[in-house]
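Trainee: Using numbering that gives the first Met the number 0, you'd call the opening residue of the sequence shown number 0 and step up by one each time. For each residue, glycine too, the CB sits at the ideal point set by N, CA and C. Shown below is the structure under consideration.
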Amino acid sequence: MTPSTNVPTTLPESLPVSALPATTAAVAARGVSKSYGRGETAVHALRDVSLEFGKERFTAIMGPSGSGKSTLMHCLAGLDSVDAGQLWIGGTAITDLPDAALTRLRRERVGFVFQAFNLVPTLTAEQNITLPVALAGGTVDTAWLRQISASLGLADRLSHRPHELSGGQQQRVAVARALLTRPDVIFGDEPTGNLDSATGAEVLSLLRCSCREMGQSIIMVTHDPVAASYADRVVLLKDGALVGELEQSTPDAILGALAKLGA
Ligand code: ADP
């Protein structure tokens, strides 16, 4: 689906030129802070986080429990608001977008793959994959649907309902659903959390392939160093702040970096 040209892309006038996002970033955050609660009991979930997520890159967000991973993902995806800072998806500043424009941008330019597969049980795999496009009144690119289904190994499963599919196949349907609109970014929230390790490895390989072969940008939150090792890059959070990153890393190296953070 072609990204809407009607979504406002204006940047706040007060933003200095040096703070403009790199046009190459799929997603960018500048100086993002978010707290829950007020006063002495306030929890600073994100503290001045600045990050760019490259196009066609698979990035994992890691850190100890409570370090702000989920909060960061929700803010980056425009599902939650921030107290300070700016966020961009595909070059569009989302922080000040009106709700309707943000909802539309999310629908057209962001894909999600959650731990729970979130498939509609009464619909076939194909109907589940095309449901978001159908709900948005769009037209399904059937050639792209066939290509995605083939590369995810779903070509002969499209008429099956979720209960007739294995967990790995259900998650592959969810991945196909996310890929169908060719979004600027797919967010994965512990996408292999409900799968055994062999099936999880299969889904992670497919996510990596969708980056390398289809040019898809992916940002995944996980606590699993093995899952994170499939990513091109791992960014590390602690106490709501960005504290490091690793490139093309192994599970052992990621585990070591987490251990240093006290995870
Ligand atoms: P992670 O995903 O790394 O475990 P979270 O982003 O869920 O971390 O949480 C970061 C911090 O913000 C934690 O201290 C958590 O308790 C707090 N937090 C998250 N969501 C809320 C909320 N809705 N209300 C209050 N505190 C929250």
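1. Could you name the residues of the same chain whose beta carbon sits closer than 8 Å to that of residue 35, not counting the 5 residues immediately before and after it, in chain order?
2. Report the option in 240, 225, 147, 130 whose CA atom is closest to the CA atom of residue 31.
3. Could you say if the region 101–108 and the region 73–89 meet the contact criterion of at least three C-beta pairs nearer than 8 Å?
4. Quick one: what's got a C-beta closer than 6 Å to residue 231's C-beta in the same chain, skipping five residues either side?
5. Would you say residue 233 and residue 248 are within 8 Å of each other, going by their C-beta atoms?
6. Return helix, strand or coil for residue 24, following the three-state DSSP convention.
7. Distance check for residue 83 and residue 198, CA to CA, integer angstroms please.
8. Decide if residue 21 is buried, meaning its Cβ has at least 16 other Cβ atoms within 10 Å, or exposed.
9. Candidates 98, 207, 136, 166: which alpha carbon is nearest residue 114's?
10. Please state if the CB of residue 66 and the CB of residue 220 are separated by a distance shorter than 8 Å.
11. Go ahead and pull the three-state DSSP assignment for residue 212.
12. Going by the beta-carbon positions, is the gap between residue 158 and residue 208 smaller than 8 Å?
13. Thinking just about the alpha-carbon of each residue, which of 71, 62, 39, 63 is nearest to the one in residue 50?
14. Can you tell which of 28, 39, 244, 123 has the C-alpha that lies nearest to the C-alpha of residue 93?
15. For the ligand ADP, is there a heavy atom less than 7 Å away from the beta-carbon of residue 216?
16. Assuming residue 164 contacts residue 172 (C-beta within less than 8 Å), just tell me the rounded distance between them.
17. Using the three-state DSSP reduction, which class does residue 172 fall into: helix, strand or coil?
18. Within 10 angstroms of the Cβ of residue 201, are there 16 or more other Cβ atoms? Answer buried if so, exposed if not.
19. For residue 112 versus residue 185, is the C-beta spacing smaller than 8 Å?
20. Going by alpha carbons, who is nearest to residue 237 out of 39, 48, 37?
Mentor: According to the structure shown:
1. Shown here for residue 35: same chain residues with a beta carbon closer than 8 Å to its own, the five before and five after excluded, namely 41, 42, 44 in chain order.
2. Closest in C-alpha terms to residue 31, from the list 240, 225, 147, 130, comes 240.
3. Yes, the region 101–108 is in contact with the region 73–89.
4. Here the set comprises 56, 57.
5. Taking 8 Å as the cut-off, the Cβ atoms of residue 233 and residue 248 count as close.
6. In the structure shown, residue 24 adopts extended strand secondary structure according to DSSP, grouped into three states.
7. Each residue's Cα considered, the two are about 40 Å apart.
8. Confidence is the limiting factor: at residue 21 the pLDDT is only 48, short of 50, which leaves the residue's position unreliable and the question unanswerable from this model.
9. Relative to the Cα of residue 114, the nearest Cα in the group 98, 207, 136, 166 belongs to 166.
10. No, these two residues do not count as a Cβ contact at 8 Å.
11. The answer is helix: DSSP assigns residue 212 an H, G or I state.
12. No. Outside cutoff.
13. Measuring C-alpha to C-alpha distances from residue 50 to each of 71, 62, 39, 63 identifies 71 as the nearest.
14. For the residues 28, 39, 244, 123, the minimum Cα distance to residue 93 belongs to 28.
15. No, Cβ of residue 216 sits at least 7 Å from all heavy atoms of the ligand ADP.
16. The pair is a contact, with the Cβ atoms about 7 Å apart (cut-off 8 Å).
17. In the structure shown, residue 172 adopts helical secondary structure according to DSSP, grouped into three states.
18. Counting the other Cβ atoms within 10 Å of the Cβ of residue 201 gives 16 or more, which makes it buried.
19. Yes; because the gap between Cβ atoms is below 8 Å, this pair is in contact.
20. Ranking 39, 48, 37 by Cα distance to residue 237 puts 48 first.
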